[in-house]
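Contents: one structure, followed by commentary.
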Amino acid sequence: MQAITFQQPFKVLVKTVPIPKIIQDTDVIVKICVSGLCGSDLHGNDVGNEKDTIMGHEFMGIVNEVGSKVNDFKVGDRVLSPFTTCCQLFGWIENGYGIHGGQAEYVRVPLASSTLVKIPDEISDNTALLLGDVISTGYFCAENGLNELAPQLSYLKQYKLDYQKKDEYDDIVVVVVGCGPVGLMSIASAICLGVKNIFSIDSIQERLELAKDFGATPIHLIEDDPIERIKEITNGRGADIVLEVVGNSSALDLSFKLLRRAGVLSSVGLNNSNMFPFSPKDGYNKNIKYISGRCPARQILAKTIPLVLSKKFNFEKIITHEMKLSDGEKAYEIFEKKLDKCVKVVFKNNN
Numbered sequence: 001m002q003a004i005t006f007q008q009p010f011k012v013l014v015k016t017v018p019i020p021k022i023i024q025d026t027d028v029i030v031k032i033c034v035s036g037l038c039g040s041d042l043h044g045n046d047v048g049n050e051k052d053t054i055m056g057h058e059f060m061g062i063v064n065e066v067g068s069k070v071n072d073f074k075v076g077d078r079v080l081s082p083f084t085t086c087c088q089l090f091g092w093i094e095n096g097y098g099i100h101g102g103q104a105e106y107v108r109v110p111l112a113s114s115t116l117v118k119i120p121d122e123i124s125d126n127t128a129l130l131l132g133d134v135i136s137t138g139y140f141c142a143e144n145g146l147n148e149l150a151p152q153l154s155y156l157k158q159y160k161l162d163y164q165k166k167d168e169y170d171d172i173v174v175v176v177v178g179c180g181p182v183g184l185m186s187i188a189s190a191i192c193l194g195v196k197n198i199f200s201i202d203s204i205q206e207r208l209e210l211a212k213d214f215g216a217t218p219i220h221l222i223e224d225d226p227i228e229r230i231k232e233i234t235n236g237r238g239a240d241i242v243l244e245v246v247g248n249s250s251a252l253d254l255s256f257k258l259l260r261r262a263g264v265l266s267s268v269g270l271n272n273s274n275m276f277p278f279s280p281k282d283g284y285n286k287n288i289k290y291i292s293g294r295c296p297a298r299q300i301l302a303k304t305i306p307l308v309l310s311k312k313f314n315f316e317k318i319i320t321h322e323m324k325l326s327d328g329e330k331a332y333e334i335f336e337k338k339l340d341k342c343v344k345v346v347f348k349n350n351n
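What the sequence shown shows, in UniProt numbering, is residues 1 to 351, in sequence order.
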């Protein structure tokens with residue numbers, strides 16, 4: 001079968017490799033219909049991924065073979081996979097430990113009964129693919145921020161008469177730093193959760209336009225002064241919640257500076273830095289709440305599948321490039337360099 005494999009920093013290679021087989025009786029083999037290219041796939045360039053690892057942790061497809069102890073799925077079932085299984089990330093092998101990913105024609109899914117999820121007929125292949133990571137991660141980021149702010153809002157509702165007449169999120173200001181796929185999904189999720197005042201920051205105009213389509217007010221990172229803009233909007237106070245989805249120190253630093261005192265910083269960007277751009281003393285003096293972590297996608301799907309079925313948003317409009325596995329090397333270059341107005345790349349298999 002064809003597969004996109006990691007070779008060395010900033011280099012992948014499309015290779016012909018054996019079709020995976022059942023190893024454990026809890027495995028399932030999935031025939032891939034669509035796989036996705038995620039920003040964190042590029043992080044194999046930074047640390048540890050072994051040569052010839054099959055890339056990709058976003059995929060959906062059809063069950064092709066079932067282990068003897070798998071009772072939840074049968075051949076022909078249409079399924080999606082969250083991006084992890086049993087604390088392992090698809091498409092990551094380090095020191096001989098890990099599992100191959102889904103940028104291929106077939107993939108082995110360990111512990112399939114607690115990993116795979118059947119896809120409702122009403123959900124398209126492309127949207128199902130997005131559910132496995134970017135929609136769920138965006139929702140997780142937005143929900144975390146709102147949950148951490150909830151005690152403050154509860155206090156206002158209880159003790160401030162003017163707040164008792166308002167919807168819960170009428171006056172809060174949410175800022176999303178980064179308008180890539182996860183950032184766009186966090187905008188949609190925050191709006192679905194009731195946020196009315198949401199702003200998005202990016203340096204790429206096309207992504208800001210998409211953010212506006214999803215319901216955010218765009219702020220250009222370079223042409224505008226995001227910190228001053230948010231101060232103007234909030235009468236000098238700062239944002240109540242900042243959702244950071246980029247995964248580098250400059251984005252985290254900007255997020256901290258955008259926050260009001262006692263604000264909430266919810267971060268899901270995969271950051272390989274060893275140091276925070278702000279000190280513990282800075283966080284202490286500003287009294288912020290910081291929450292981060294990897295999205296438990298399979299649990300979050302219980303919330304994001306109904307969100308998708310509500311048809312409030314067309315999530316597929318973030319997909320700018322549909323390509324073949326054979327174009328894998330070109331696809332990685334387009335995605336990494338953000339060529340051709342690229343936001344999201346998916347690989348479609350002819351099966």
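Note that the Cβ used here is the ideal one computed from N, Cα and C, for glycine as well. No experiment lies behind these values; they were computed from the predicted model shown.
Problem set entry | Proximity winner among G48, E143 and A104, relative to G293 (alpha-carbon distances) | The candidate whose alpha carbon is nearest that of G293 is E143.
Exercise. Hey, how far is the Cα of S250 from the Cα of P277?
Worked result: Counting only the Cα atoms, P277 lies some 7 Å from S250.
Exercise. Whose C-beta lies closer than 6 Å to the C-beta of E206 among residues of the same chain, with five residues either side of it excluded?
Worked result: K341
For this session: Pick helix, strand or coil for Q103, following the three-state DSSP scheme.
Result: coil
Problem set entry | Close Cβ partners of T85 (< 6 Å) along its chain, the five nearest in sequence each way excluded | Taken in chain order, the residues that qualify are P110, L111 and T115.
Problem set entry | Pair within 8 Å by beta-carbon distance, L129 and L80 | It is a contact, given that the beta carbons lie within the stated cut-off.
For this session: Would you kindly work out how many angstroms separate the C-alpha atoms of L42 and E336, rounded to a whole number?
Result: 7 Å
Problem set entry | Reference M275; option with closest CA among K312, I288, A302 and G247 | G247
Exercise. Which of helix, strand or coil does DSSP assign to P181?
Worked result: helix
Exercise. DSSP state of P18, grouped into three classes?
Worked result: DSSP, read as helix, strand or coil, puts P18 in coil.
Exercise. For the 8 Å Cβ check, are there 3 or more pairs between the region 323-338 and the region 186-195?
Worked result: no
Problem set entry | Residues of its chain near A190, where Cβ-Cβ distance is below 6 Å and the 5 sequence neighbours each way are ignored | Contacts found: A142, V174 and I198.
For this session: Would you check if the region 307-326 and the region 203-223 touch, i.e. whether three or more CB-CB distances between them fall below 8 Å?
Result: The region 203-223, when compared against the region 307-326, does touch it at the 8 Å Cβ threshold.
Exercise. Considering K289, what are the terminal residues of the beta strand (DSSP E) in which it resides?
Worked result: K289 to S292
Exercise. Is DSSP giving R108 helix, strand or coil here?
Worked result: strand
Exercise. So who's on the other strand from K317, going by DSSP bridges?
Worked result: Beta-bridge pairing links K317 to no other residue.
Exercise. Quick one: Cα of V242 to Cα of E148, how far?
Worked result: 12 Å
Problem set entry | Close-in-space but distant-in-sequence residues of the same chain around F140 (CB under 7 Å, 5 per side omitted) | V268, C295 and I300
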